[in-house]
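Residue numbering for the sequence shown follows UniProt numbering, starting at 1 and increasing by one per position.
Notes for the one structure printed next.
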Amino acid sequence: MHAFKTMAQDSPPLFSASVAGTLRLIFYLALALVLMVLDHRNGWMWRLRYTAAVVVEPVYRLAGLPAAGARALGVAFADRQALTEQNQRLREDLLLANAKLNRMAAVAEQNERLKELLATQKSLGLKVQLARVVGVDLGAERNRLVINLGARDKVRVGQPVIDAHGLLGQVVETLPTTAVVMLVTDPSHAVPVTVERTGLRTVAYGARGSAQLSLPTVPMAADIKVGDRLLTSGLGGRFPPGFPVGTVIGVAPAANGLFQEARARPSADVYRSDDVLLLHEQAEPAGPPAPAANEGPPAELAPTPASSAAAAQPGQAP
Numbered sequence: 001m002h003a004f005k006t007m008a009q010d011s012p013p014l015f016s017a018s019v020a021g022t023l024r025l026i027f028y029l030a031l032a033l034v035l036m037v038l039d040h041r042n043g044w045m046w047r048l049r050y051t052a053a054v055v056v057e058p059v060y061r062l063a064g065l066p067a068a069g070a071r072a073l074g075v076a077f078a079d080r081q082a083l084t085e086q087n088q089r090l091r092e093d094l095l096l097a098n099a100k101l102n103r104m105a106a107v108a109e110q111n112e113r114l115k116e117l118l119a120t121q122k123s124l125g126l127k128v129q130l131a132r133v134v135g136v137d138l139g140a141e142r143n144r145l146v147i148n149l150g151a152r153d154k155v156r157v158g159q160p161v162i163d164a165h166g167l168l169g170q171v172v173e174t175l176p177t178t179a180v181v182m183l184v185t186d187p188s189h190a191v192p193v194t195v196e197r198t199g200l201r202t203v204a205y206g207a208r209g210s211a212q213l214s215l216p217t218v219p220m221a222a223d224i225k226v227g228d229r230l231l232t233s234g235l236g237g238r239f240p241p242g243f244p245v246g247t248v249i250g251v252a253p254a255a256n257g258l259f260q261e262a263r264a265r266p267s268a269d270v271y272r273s274d275d276v277l278l279l280h281e282q283a284e285p286a287g288p289p290a291p292a293a294n295e296g297p298p299a300e301l302a303p304t305p306a307s308s309a310a311a312a313q314p315g316q317a318p
């Protein structure tokens, strides 16, 4: 504290009462005025500041590099995060749009199948019941479907099931609200068929291990070839006649050498049917068919009784 007081006392004050202090103040003021006038007229101070800025600016930039780098990193990270979020949203929107598009395509395909089923019902005048497939059991030993109608809906065992393209199978088990359908491709299934082209009658079985039909008992002399259509023959009374069953895709001699064995592709969409039709018993006609209308000339041209009598007695004058 004492040293500080001593230094304060030793340094001459700027505004002192002595003449030297006053002269010093006047000198400083005059120098300031001269510098201001010279700067105003010649721009010396501006040049000095410009030169000093050229020298000092790199130092400022170097000192500001950490802060600028931190800001650049922050902006880059923020932009990257924003782009990542935007990309994620776009991917989600694309997936949602694809899902909606696929759903619309599936609904359109389902509507087309329903139209085909309705057209089949109207064209054949069938008494049918629409059902939807709710379960699938497809394997080497079993080919079955589960539909959403059962005993409460008057579904019965043995009832034929068709789709828009042909015979699909028959009901083998009924539960209160569902039923099990054995497909024509099931190894345990058999259906009497006839070859549309030749009228040959045989039996089509489900081929084991493939979604095909097998005709193992075709006589060696029978006329059957690839492309022949198989229809239900109506024998046995289980399946109504005339429904498409399949198309022959191959014929070869059987292993025993006594018969020909044919392979057929089912007409029904065995693996794609979502909606099916259950056939009900068709009403049998009551009594013999009505007699055909009498053929002959129209009533106004028919001979009268008098003319008929005259024609019967040609010897008498009219």
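Each residue gets a CB set at the ideal place from its N, CA and C atoms; glycine is no exception.
- The shortest C-alpha to C-alpha distance from G209 to any of V226, A222, L138 is the one to L138.
- Contact annotation, V245 with V161: C-beta distance approximately 13 Å; criterion of less than 8 Å not satisfied.
- Here the stretch 181 to 192 does not lie against the stretch 218 to 227, with fewer than 3 beta-carbon pairs under 8 Å apart.
- Residue burial is scored here from C-beta neighbours: F77 has fewer than 16 other C-beta atoms within 10 angstroms and is therefore classed as exposed.
- Contact annotation, D228 with E196: C-beta distance approximately 7 Å; criterion of less than 8 Å satisfied.
- With fewer than 16 other Cβ atoms from the protein chains shown falling within 10 Å of its own Cβ, N98 counts as exposed.
- Of the candidates L213, H280, I224, P240, L213 places its Cα closest to the Cα of S267.
- Short of 8 Å from the beta carbon of V203, and not among the five residues preceding or following it, lie these beta carbons of its own chain, in chain order: A190, V191, P192, V193, L215, T217.
- I224 sits in coil when the DSSP states are folded into three classes, being neither helix nor strand.
- Within the same chain, and ignoring the five residues on either side of T174 in sequence, the residues whose Cβ sits closer than 7 Å to its Cβ are G150, A151, V155, R156, V157.
- Its chain contains no residue whose beta carbon lies nearer than 7 Å to that of T22 once the 5 sequence neighbours on both sides are disregarded.
- The beta-carbon separation of G242 and L231, rounded to 6 Å, stays under the 8 Å limit for a contact.
- Here H165 is buried. Its C-beta has 16 or more other C-beta atoms within 10 Å.
- For I26, no pairing in a beta bridge is given by DSSP.
- Of the residues D153, E112, L90, A140, the one whose Cα lies closest to the Cα of S188 is A140.
- The residue from I249, S233, G206 with its alpha-carbon nearest to that of V226 is I249.
- Judged by DSSP in its simplified three-state form, T217 adopts strand.
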